[in-house]
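Before any comments, here is the structure.
Have a look at this one:
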């Protein structure tokens with residue numbers, strides 16, 4: 001029964017606004033799991049613990065697979081051949097990912113222009129490459145022109161952040177959320193591949209902003225827990241405390257409630273538009289990374305050492321066979 005509760009809790013988190021009965025069912029299942037988990041044995045105890053802390057629908061399935069493969073081997077009646085096949089599949093794909101990360105890291109090293117692209121250098125190329133090189137630079141210039149309209153939004157938001165910090169301005173909660181959602185740059189992520197679906201972009205703007213708010217709120221809660229640096233603008237948590245005169249615990253509870261509302265918006269978008277543009281899907285899926293970065297309220301986005309073990313298990317260390 002405990003396993004059934006744990007398996008039911010995760011998919012239930014696909015609920016949307018206007019489903020109070022489903023929310024009550026989730027609460028009921030969670031209460032029962034909480035009361036039972038002290039008496040559970042491994043591996044069910046670990047599976048229930050994870051289901052309560054982070055439902056499967058809100059984390060990367062590959063990360064869950066790392067845990068589940070070791071736990072499945074402890075279960076009575078497990079299939080050794082199936083387990084070995086799962087481990088082989090995981091390790092083969094891990095090898096592919098490692099090669100891709102190696103290629104990305106080399107590209108990233110040159111991101112800031114260690115090798116300059118200059119039209120005046122075309123004469124250095126062999127004849128057969130000159131026209132190709134010129135056309136490539138022309139296409140890049142065209143892309144930059146098309147993106148300029150969207151790029152200014154981030155620049156404006158960053159400028160406003162700097163002004164608020166310099167002036168020690170304390171924004172309202174609403175103003176803080178509006179500005180910092182844009183400055184997070186998440187709403188801009190799909191722009192690079194949305195040209196063919198401009199109408200779709202407008203239709204999906206709400207869900208993209210919802211995804212950005214989830215990341216913004218999660219970051220702010222972790223930052224509040226660890227204390228902000230000198231010069232940092234007030235986070236959404238601090239703005240809510242000041243505006244409503246409540247404690248930090250109350251503010252965090254309220255912002256977690258807002259995160260749930262935004263998750264309902266992303267769930268609703270999945271159901272209403274199952275064929276949404278790939279660019280929008282990527283932004284929504286990106287929200288799955290926030291629990292990885294901010295696991296146990298640790299700010300892995302700022303302090304990467306918190307992610308060392310997770311990165312090692314996903315990309316470096318093969319699963320023992």
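Numbering (full-length UniProt numbering), first residue to last: 1 to 321.
All C-beta atoms in this analysis are idealised placements derived from N, C-alpha and C, irrespective of residue type, glycine included.
Buried versus exposed, by CB contacts within 10 Å (16 or more), residue i
i: residue 139; result: exposed
i: residue 161; result: buried
i: residue 128; result: exposed
i: residue 106; result: exposed
i: residue 56; result: buried
i: residue 6; result: Bear in mind that the predicted position of residue 6 carries a pLDDT of just 49, short of 50, making it too unreliable to give a figure here.
i: residue 238; result: buried
i: residue 88; result: exposed
i: residue 1; result: Low per-residue confidence applies at residue 1: pLDDT is 47, beneath 50, and the placement is therefore not dependable, though the value from the model is reported in the following sentence. Label assigned to residue 1: exposed.
i: residue 198; result: Because residue 198 carries a pLDDT of 49, less than 50, the predicted location of this residue cannot be relied on, and no value is offered for it.
i: residue 278; result: exposed
i: residue 290; result: buried
i: residue 196; result: Residue placement at residue 196 is poorly supported in this model, since its pLDDT is 48, which falls under 50; the coordinates still yield a value, given next. Exposed.
i: residue 210; result: buried
i: residue 122; result: exposed
Sub-9 Å separation of residue i and residue j beta-carbons
i: residue 214; j: residue 142; result: no
i: residue 176; j: residue 233; result: yes
i: residue 173; j: residue 243; result: yes
i: residue 206; j: residue 269; result: yes
i: residue 271; j: residue 218; result: no
i: residue 37; j: residue 52; result: yes
i: residue 60; j: residue 288; result: yes
i: residue 212; j: residue 186; result: yes
i: residue 299; j: residue 226; result: yes
i: residue 316; j: residue 69; result: no
i: residue 90; j: residue 58; result: no
i: residue 137; j: residue 108; result: no
For residue i, the nearest candidate out of the options (CA to CA)
i: residue 47; options: 59, 24, 35, 71; result: 71
i: residue 97; options: 42, 314, 38; result: 314
i: residue 250; options: 49, 221, 275; result: 221
i: residue 67; options: 42, 81, 76; result: 42
i: residue 267; options: 208, 186, 321; result: 208
i: residue 85; options: 65, 100, 103; result: 65
query: Could you give the uninterrupted runs of the alpha helix (DSSP H) lying entirely in the region 24-89, keeping only those of 4 residues or more?
result: With a minimum length of 4 residues, the continuous alpha helix (DSSP H) runs that stay inside the region 24-89 are 44-53, 61-72.
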